[in-house]
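In what follows, a single structure is set out as structure tokens and then discussed.
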Amino acid sequence: MQFHRKSAHFLRHSLVVGGLLAGAVTSVGTAYAQAPEVLRNVVQLSASGQVEVSQDWLQMNLSATRDGNDAAAVQKQLQQVVDAAMRSLKPQASGQAMQVRSGSFGVYPRHGNDGKIKGWQGRAEMVVEGKDFARISEAAAQVKDMTVSSMGFGLSREGREKVQEQAQSQAIESFKQRASTLAKQFGFHSYTLREVSVNSQDGFYAPRMQQRANVAMAATAKMEMADPVPVEAGKEQVTVNVSGSVQLQ
3 MQFHRKSAHF LRHSLVVGGL LAGAVTSVGT AYAQAPEVLR NVVQLSASGQ
53 VEVSQDWLQM NLSATRDGND AAAVQKQLQQ VVDAAMRSLK PQASGQAMQV
103 RSGSFGVYPR HGNDGKIKGW QGRAEMVVEG KDFARISEAA AQVKDMTVSS
153 MGFGLSREGR EKVQEQAQSQ AIESFKQRAS TLAKQFGFHS YTLREVSVNS
203 QDGFYAPRMQ QRANVAMAAT AKMEMADPVP VEAGKEQVTV NVSGSVQLQ
């Protein structure tokens, strides 16, 4: 009876040890299976494509200021100026050729040397923008009681998207050529693409205010002679960048 009890105890002990060993082997196998892949012959590179295009979008900001002792009166005067400008400009608006919208509007206190409010000053803006530069300039010159405070040129959404495709094709082709060249220089025959990222400027119109220095003079001339402000667009570069990694083979 004593022999059987010892044999049973030994058997249970063996089973426990065996189970622990099996668990250890399983854990090692799982860890080995989840080991990260060792990257070999992987090269990081980037390339870019650029297309220069004529700016096709003009934005003109018209503004008016009023002063007074009563804030409500100043606000009312500015509203009347803006309403009159809208009535003058809206009938001339036409799709992408010319668009009209209201801009910033605010009335602020004017303080004296003693820190007390001595009066109120207000400013209102109108925005005239689009692809028809001549129409925009002439329409702005006809607005009474408002002057051109700033203007700038940029690319329309459609214009930017069109050249982005060209710049993207250039960037991708340049990336492929660089990858092939690197593969040959390192003594390999080819490569495979591992990951790639394509980054470009967004499609939203962002005007570049390039003529602020001349606007004050142009605005003065407009008040005296009511002549359109001369406008001439420049060039803009659209850039697309491609970056990623390739594995040489």
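For the sequence shown, position 32 matches number 34 in the numbering used here, and the numbering has no gaps at all.
Built from N, CA and C at the ideal position, the CB exists for glycine as well.
Would you kindly work out how many angstroms separate the C-alpha atoms of residue i and residue j, rounded to a whole number?
i	j	result
Ala126	Gly156	23 Å
Gln179	Gly236	32 Å
Ala218	Asp134	Bear in mind that the predicted position of Ala218 carries a pLDDT of just 40, short of 50, making it too unreliable to give a figure here.
Met148	Gly154	18 Å
Val145	His113	31 Å
Ala73	Ala143	29 Å
Asn63	Thr194	52 Å
Ser275	Gly189	Nothing about residue 275 can be reported from this structure: the residues present for the chain run from 3 to 251 only.
Glu131	Ser151	14 Å
Val98	Gly108	Going by the sequence as given, residue 98 is Gln instead of Val. Each residue's alpha carbon lies about 28 Å from the other.
Gln82	Lys118	28 Å
Ala95	Glu167	30 Å
Gln249	Ser158	39 Å
Ala181	Gln101	46 Å
Val84	Val200	44 Å
Using DSSP with H/G/I as helix, E/B as strand and the rest coil, what is residue i?
i	result
Leu80	helix
Asp319	Given a span of 3 to 251 for the chain in the structure shown, any question on residue 319 remains unanswerable.
Ala95	coil
Met211	Residue placement at Met211 is flagged as unreliable, the pLDDT there being 43, under the threshold of 50; the coordinate-derived value follows with that caveat. Reduced to three states, the DSSP call for Met211 is coil.
Leu41	coil
Ala49	strand
Gly124	strand
Glu238	strand
Leu157	coil
Phe107	strand
Gln144	coil
Ser199	strand
Please go through the same chain and pick out, in chain order, the residues whose beta-carbon is closer than 6 Å to the beta-carbon of residue i, but skip the five residues on each side of it.
i	result
Ser247	Val44, Gln46, Arg196 and Glu197
Gly161	Asp58
Ala87	Met128, Val145 and Met148
Throw me the rounded Cβ distance for the residue i and residue j pair, which I believe falls under 8 Å.
i	j	result
Gln52	Ala169	6 Å
Val242	Ser50	7 Å
Gln239	Glu54	5 Å
Gly121	Asn71	5 Å
Who are the Cβ neighbours of residue i in its own chain at under 7 Å, not counting the five residues just before and after it?
i	result
Arg68	Val76, Gln79, Leu80 and Gly124
Ile174	Val244
Glu226	Note that Glu226 has pLDDT 46, beneath the 50 cutoff, so the model's placement of it is unreliable and the number below is only indicative. Around Glu226: no qualifying Cβ.
Here's a check: name, in chain order, each residue in its chain whose Cβ is nearer than 8 Å to the Cβ of residue i, leaving out the five neighbours to either side.
i	result
His191	Ala185 and Gln251
Ser90	Ala141, Gln144, Val145 and Lys146
Exercise. On the three-pair Cβ rule with 8 Å, is the segment 229-243 touching the segment 130-139?
Worked result: yes
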